[in-house]
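Residue numbers (this note's numbering): 19 to 367.
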Ligand SMILES: Cc1cc2nc3c(=O)[nH]c(=O)nc-3n(C[C@H](O)[C@H](O)[C@H](O)COP(=O)(O)O)c2cc1C
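Next up, the structure:
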């Protein structure tokens with residue numbers, strides 16, 4: 019690299035640092051990239067690897083008990099001295115206790131997921147000295163969360179893996195980013211390249227959250243079958259679960275199409291038939307539908323049964339071509355953003 023191209027590269031790097039400074043300052047990181055919490059996947063190894071690589075790892079508490087969460091936090095702290103967060107599901111029956119465990123261990127950031135958190139929970143987090151992050155599936159909800167005291171928002175498009183809303187990141191970003199400047203907003207869903215992240219930073223995002231790419235990293239404890247399914251899949255294979263009948267609501271989840279996702283359709287049809295024939299009550303049929311996926315993510319992630327388990331994945335899965343260390347995934351993302359900025363400078367100079 020000659021002197022002039024080196025100075026162009028340095029300028030582009032500075033421009034990127036400037037663009038995502040609000041995100042880096044909020045998270046206390048070098049890069050404003052969060053590793054989105056993924057149940058069973060986002061544990062000590064992956065979380066510390068993301069934080070050690072300059073990003074922000076987030077432990078997925080999921081259905082863990084307060085004692086189990088405490089164990090995971092202590093283990094994570096032993097593996098990284100950098101900032102990391104914990105993602106708590108708001109409908110967890112022991113939510114307050116989980117918040118207290120985080121606070122007792124000086125977790126700096128708590129992500130409140132899976133519904134709108136109450137003002138009391140947000141206050142508990144903030145009064146205890148942690149930063150509170152929430153999810154905004156629409157502009158009005160984002161505004162409400164800020165009023166309730168949320169200090170940063172994640173907007174997650176329907177391209178994402180796991181439980182999803184109905185609106186794509188492309189549209190959510192246009193709806194929300196120009197109108198929210200009070201708190202940093204992080205974009206999520208379908209992101210697999212740094213130049214795409216850059217385009218959202220230029221629209222006003224403070225940073226980005228990625229899940230799928232990190233789930234397939236070398237440090238992820240997901241079973242090799244799970245990672246190999248990611249490596250082989252195309253974007254179109256990561257589909258949202260379909261609800262068969264409006265009387266029996268299904269929470270949409272994006273994951274790789276497999277034997278389980280196909281038999282879920284049959285299971286719904288069976289329940290619907292039984293209900294229509296008067297063989298089962300509505301509540302019982304609804305429960306049967308909800309229970310179909312119980313334990314299914316663990317089955318795929320930990321046991322490696324990628325046909326009968328739930329292989330949650332975002333549409334970005336099509337960009338997973340090989341299993342790489344987190345540090346490499348991170349530096350490729352940063353380089354892609356820097357290169358895109360460099361190209362632009364050349365275009366306008
Ligand atoms: C396997 C898997 C499990 C997930 N589990 C959770 C979860 O427990 N809690 C949560 O808030 N988000 C969960 N997510 C969403 C991620 O945190 C993240 O927002 C999402 O993966 C971003 O989209 P992407 O996968 O296209 O990068 C999960 C995603 C995946 C792929």
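Heads up, the beta-carbon is just placed ideally off N, CA and C, and yes, glycines get one too.
May I ask you to check if the CB of residue 230 is nearer than 6 Å to at least one heavy atom of ligand 1? yes
Beta-bridge partners of residue 232, as assigned by DSSP: Partner(s): none; residue 232 has no beta bridge.
Could you give the DSSP three-state label for residue 181: helix, strand or coil? strand
Strand pairing of residue 149, partner residues [DSSP]: 127
In whole angstroms, what separates the C-alpha of residue 357 from that of residue 22? 15 Å
Please state whether the Cβ-Cβ distance between residue 79 and residue 106 is less than 7 Å. yes
Continuous alpha helix (DSSP H) assignments of at least 4 residues falling wholly in the stretch 221-268: 230-233 and 242-250
Every unbroken beta strand (DSSP E) inside the stretch 68-135 [3 residues or more]: 74-78, 102-107 and 127-131
Environment of residue 364 [buried if 16+ CB atoms lie within 10 Å]: exposed
Under 8 Å by Cβ, that's how I've got residue 258 and residue 272 pegged, so tell me the actual separation to the nearest angstrom. 5 Å
Nearest-angstrom Cβ-Cβ length linking residue 202 and residue 75, presumed shorter than 8 Å: Actually they are not in contact, since the Cβ atoms of residue 202 and residue 75 sit about 18 Å apart, beyond 8 Å.
Ends of the alpha helix (DSSP H) at residue 52? Run containing residue 52: none in the alpha helix (DSSP H); it sits in the beta strand (DSSP E), 51-53.
Contacts around residue 306, its chain only, beta-carbon distance under 6 Å, and the 5 residues preceding and following it disregarded: 289
Drop a sphere of 10 angstroms on the beta-carbon of residue 36, count the other beta-carbons inside from all chains shown, and report buried for 16 or more, exposed for fewer. exposed
Name the one or two DSSP bridge partners that residue 274 has. 256
Please return the same chain residues whose Cβ sits closer than 7 Å to the Cβ of residue 355, not counting the five positions on each side in sequence. 34, 212, 213, 215 and 216
Say the cut is 6 Å; is the CB of residue 227 nearer than that to a heavy atom of ligand 1? yes
Output needed for residue 179: all residues of its chain with C-beta closer than 6 Å, excluding positions within five of it in sequence on either side, in chain order. 229, 230, 272, 330, 331 and 332
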